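Q: So for the sequence shown, full-length UniProt numbering puts the first residue at 1; every next one is plus one. Where is the CB? At the ideal position from N, CA and C, for every residue including glycine. Owing to the predicted nature of the structure, the values given are computational and were not obtained by experimental measurement.
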Amino acid sequence: MCGIVGIIGKSARDVVLNGLKKLEYRGYDSAGIYLNDLNGHEYLTKAVGRIKNLEDKLSDNEQGLVGIGHTRWATHGKPSIANSHPHYSSDKRFIWFIMVLLKIMLN
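Next up, the structure:
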C-alpha cells in the first residue's frame, strides 16, 4: 500500500506534507516529496521511516507551487532511499519527469 498527494497552487509544501500525514497509515516505511517553484528551483527530498523524518530533512526555503508526495509501505523491496518515491529521470538529454506509483514495477 502507499499514499499519493499532489497539488498545483500556493503553499504546495504544506499541503503535500499535511496530506502525507493523513495518508501515513497507508505506508510508514518511507516517504518523499518533490517541489517546484516554477522559477527554476526544484527540490526532491526522501526519508526512510515516518513522515516526521521527511519533514525534519526539509529546509525552510524548500517551497513550491507544484508538489507531489508519496508515502510507502514496503511490500516489495526494502525500505530505503533508493526505493522511496518520487522517482525521477536523471538524464539531462531528455525532459525531466517525476513519478510516483501504487503498483510494483519489475525490471
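(1) For isoleucine 95 and tyrosine 88, what's the separation of their Cα atoms in angstroms?
(2) Please go through the same chain and pick out, in chain order, the residues whose beta-carbon is closer than 6 Å to the beta-carbon of valine 15, but skip the five residues on each side of it.
(3) Should proline 86 and tyrosine 34 be called a contact, given that it needs their Cβ atoms to be closer than 8 Å?
(4) Who does residue 116 pair with in a DSSP beta bridge?
A: Let me lay it out:
(1) Residue placement at isoleucine 95 is flagged as unreliable, the pLDDT there being 47, under the threshold of 50; a coordinate-derived value is accordingly withheld.
(2) Correct list, in chain order: Ile7.
(3) Contact flag set, yes.
(4) Outside the shown range of the chain (1 to 107) lies residue 116, about which nothing can therefore be said.
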